[in-house]
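**Q** Residue numbers for the sequence shown follow this note's numbering, beginning at 5 and rising by one.
Backbone N, C-alpha and C fix where the C-beta goes; we use that ideal spot for every residue, glycine too.
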Amino acid sequence: MISINPFSEISSFIPSFVMQTYVIAMFVLVIGATLFDVVHKKSAKYFFNNSVKAKKSATRNVGSGEKVSIAFKTATNEILTSSEFCSTRRRLAHLLTMYGFIIFVVATVVMIFSYSTPNTMTPSIWPLAWHLGAAMLCVGGYWFWFFIRVDVAAEGNKWYRVIRADLFVLSLLAMSTFALLWSYMQSNGINIWQTLFFGLFIGASTVLFGGVLWSKFAHMFYKPAAAFQKRVTKADGSRENLPEPADMPKKFGLGIEREAPRHY
Numbered sequence: 005m006i007s008i009n010p011f012s013e014i015s016s017f018i019p020s021f022v023m024q025t026y027v028i029a030m031f032v033l034v035i036g037a038t039l040f041d042v043v044h045k046k047s048a049k050y051f052f053n054n055s056v057k058a059k060k061s062a063t064r065n066v067g068s069g070e071k072v073s074i075a076f077k078t079a080t081n082e083i084l085t086s087s088e089f090c091s092t093r094r095r096l097a098h099l100l101t102m103y104g105f106i107i108f109v110v111a112t113v114v115m116i117f118s119y120s121t122p123n124t125m126t127p128s129i130w131p132l133a134w135h136l137g138a139a140m141l142c143v144g145g146y147w148f149w150f151f152i153r154v155d156v157a158a159e160g161n162k163w164y165r166v167i168r169a170d171l172f173v174l175s176l177l178a179m180s181t182f183a184l185l186w187s188y189m190q191s192n193g194i195n196i197w198q199t200l201f202f203g204l205f206i207g208a209s210t211v212l213f214g215g216v217l218w219s220k221f222a223h224m225f226y227k228p229a230a231a232f233q234k235r236v237t238k239a240d241g242s243r244e245n246l247p248e249p250a251d252m253p254k255k256f257g258l259g260i261e262r263e264a265p266r267h268y
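(1) On a Cα-Cα basis, can you pick out the residue from A230, V236, F232, S20 that is closest to P122?
(2) Return yes when the Cβ of F232 is within less than 8 Å of the Cβ of A37, no when it is not.
(3) For the alpha helix (DSSP H) holding Y188, just list the boundary residues, first then last.
(4) Taking Cβ to Cβ, would you say I116 is nearer than 8 Å to V27?
(5) Within the same chain, show all residues whose beta-carbon is closer than 6 Å to that of S175, passing over the 5 residues directly before and after it, in chain order.
(6) Name the two residues that bound the continuous alpha helix (DSSP H) containing V110.
(7) When the Cα of A169 is compared with those of D41, L217, F17, which residue comes out closest?
(8) Which word fits G104, buried or exposed, when buried means at least 16 other C-beta atoms lie within 10 angstroms of its C-beta?
(9) If you draw a straight line from the C-alpha of E13 to the C-alpha of I35, how long is it?
(10) If you measure from the CB of M179, is any heavy atom of the ligand ATP nearer than 7 Å?
(11) Give the C-beta separation of V130 and V109 to the nearest angstrom, bearing in mind that I take them to be a contact with Cβ-Cβ under 8 Å.
(12) Find the nearest neighbour of A111 within the set T85, T237, L99, L136, judged by alpha-carbon distance.
(13) Under the three-state reduction of DSSP, which class applies to V166: helix, strand or coil?
(14) Less than 8 Å between the C-beta atoms of R235 and I152, yes or no?
(15) Going by DSSP in three states, R235 sits in which element: helix, strand or coil?
(16) Which term fits T78, buried or exposed, when burial requires 16 or more other beta carbons within 10 angstroms of its beta carbon?
(17) Among the residues of its own chain, which have a CB less than 7 Å from the CB of A239, if the five just before and after it don't count?
(18) Let's test the definition: count the other Cβ atoms within 10 Å of the Cβ of P127 and tell me whether it reaches 16, buried, or not, exposed.
(19) What is the DSSP secondary structure of I6, counted as helix, strand or coil?
(20) Can you list, in chain order, the residues of its chain whose CB lies under 6 Å from that of F202, leaving out five sequence neighbours each side?
(21) Note down the Cα distance separating D41 from F148, rounded to an integer number of angstroms.
(22) Using three-state DSSP, classify I194 as helix, strand or coil.
(23) So, at 7 Å on beta carbons, what are the nonlocal neighbours of W197 in its own chain, with the 5 sequence-adjacent residues on each side left out?
(24) Do L132 and I6 count as a contact pair if the criterion is CB distance below 8 Å?
(25) Taking the continuous alpha helix (DSSP H) assigned at V216, which residues delimit it?
Written out as structure tokens, the structure is:
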């Protein structure tokens, strides 16, 4: 199962150019919907205005070299390792989901554009990466859905309560789950079930990539820019017009130093 390219197996029924056209269409949907979302929510205008305000209240100038360093720190901390999450469980779930998604999408694109014909031999690394990415998505996504979702425990709601903001994670889970089920049925030659799960896989993928306007998908594009801007405002002293952090109270022994009681 994990050594078989599932897209090569179905290429006798679905031509390679059809699969490639679908991938390109999903890419265009994501880019187009994200740009529309930026314009509709005026995110770019907000970041620009916020940057202008920060420059006016800055206490020092941040040079280009320092900005490169800040960009590197943003990439390694907020993006690659998600260090902004205080909860270890939340951080692990996020990293599994993020890297699983990247591995899954890259492997899908490579197998469809390079090895999606019946006579093409697919290097074993790509089917392995595809299945591994889908498995990581399932582990991270289901972990988040059943054990970490904030509103479930904090607000007393049931785990199956679904709102529009859940569209992203649910379609992501459906895509990875149906992908694995499709591959399993295909490798065992169960034609009816593999056709069903392939259709569900395509449907979930279409909802995921086509539903950017109604999900948190575009958030992954805003997050790096917001994290970078936040670090710049700390470096130039503007601090997003917020006051300096207060000093921690002095401590001694096991208690916290308090003002002596007054006698009247």
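**A** With the structure as the only source:
(1) S20
(2) no
(3) 171–191
(4) yes
(5) A208, V211, L212
(6) 92–118
(7) L217
(8) buried
(9) 30 Å
(10) Looking at this structure, you won't find the ligand ATP or any other ligand, since it has none at all.
(11) Checking the sequence shown, residue 130 turns out to be Trp, not Val. At roughly 12 Å, the Cβ-Cβ gap does not stay under 8 Å, so W130 and V109 are not in contact.
(12) L136
(13) coil
(14) no
(15) helix
(16) buried
(17) V66, E70, I74
(18) exposed
(19) coil
(20) W186
(21) 26 Å
(22) coil
(23) M189
(24) yes
(25) Per DSSP, V216 belongs to no alpha helix (DSSP H) and is neither H nor E.
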